[in-house]
Structures are given as structure tokens and as C-alpha cells.
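Working notes, structure below.
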Amino acid sequence: AGVLDILNEECIRGASGTDKNFVDKVLAFHKGHRALKTPKIQRKASKTDALAFTIAHYAGVVLYACDTSWVETNRDTLPLRLDAALRDAAVAARQKAASSSSATTTKVGT
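In terms of this note's numbering, the sequence shown is numbered consecutively and its last residue is 974.
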């Protein structure tokens with residue numbers, strides 16, 4: 865699994881998906897890979913120091929500091945909005961069908 869696959873997995877987990885879990889999984893899954901390292905620099909002392917890793921890309925080493933709500937930012941809320949839109953459309957379609965069928969109903973035998 866790639867880094868983005870792991871990020872997507874954490875996003876799908878809902879409230880239990882966290883930046884810390886994401887970084888821990890990246891480091892565990894790719895442990896020993898020559899392109900992945902933990903940073904040797906220490907930023908301000910805080911609990912988020914451990915939420916960083918570097919990847920040696922073709923253009924150089926890039927530091928990924930994951931203490932800025934990566935998981936929350938990447939959560940896909942589209943399915944929730946789609947679900948609501950589909951429900952609204954279904955209600956409107958049923959109402960339209962009901963009103964058009966009552967308007968076209970004719971009495972038989974009169």
C-alpha cells in the first residue's frame with residue numbers, strides 16, 4: 865500500500881482515523897524502505913513532533929509534517945452530500961408521481 869492508500873484508509877475510518885495513526889501506519893508499513901525516513905530535526909517541542917516523515921523523491925527529500933489535520937482535510941464528504949441529494953430527489957419524484965397520477969385518474973363506468 866502506498867502513502868495515499870494509507871491516508872484514504874484513515875479517512876474512511878471516521879472519527880477513529882487520526883493523523884497519528886496515519887503516520888504510524890506509514891512508518892510501520894514502509895519500515896526499512898530506503899526512501900522513507902523520520903526527520904532528524906526537532907521542531908518546537910510538542911506532542912506533534914512525531915507526526916512527520918521524509919520521502920526521498922526524484923527531485924530531493926521532502927518533509928511531510930502531518931500535524932495539520934491531514935486526515936480531517938482529506939475526508940471525502942461527497943458521499944454524504946450525494947446521499948442527501950438522492951434522498952431529496954427521490955422524495956420530489958414520489959411527490960410528482962403522486963400528484964400526476966391523482967390528476968390523471970378517471971372514474972371507470974361513469
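Ideal Cβ positions, reconstructed from N, Cα and C, are used throughout, including at glycine.
Tell me the DSSP bridge mates of residue i?
i      : result
Phe917 : Tyr928
Leu900 : Ile919
According to the Cβ coordinates, are residue i and residue j closer than 9 Å?
i      : j      : result
Tyr928 : Ala920 : no
Asn938 : Leu871 : yes
Val925 : Gly881 : no
Buried or exposed: where does residue i fall if 16 or more other Cβ atoms within 10 Å of its Cβ makes it buried?
i      : result
Gly896 : exposed
Glu874 : buried
Gly866 : exposed
For residue i, which residues in the same chain have their Cβ closer than 7 Å to its Cβ, ignoring the five residues on either side in sequence?
i      : result
Cys930 : Asp883, Phe886, Val887, Leu915, Ala916
Ala899 : Ile919, Ala920
Ala961 : none
Thr912 : Only weak support exists for where Thr912 lies, its pLDDT of 49 falling under 50; the coordinates are left without a value.
His894 : Leu900
Ala957 : none
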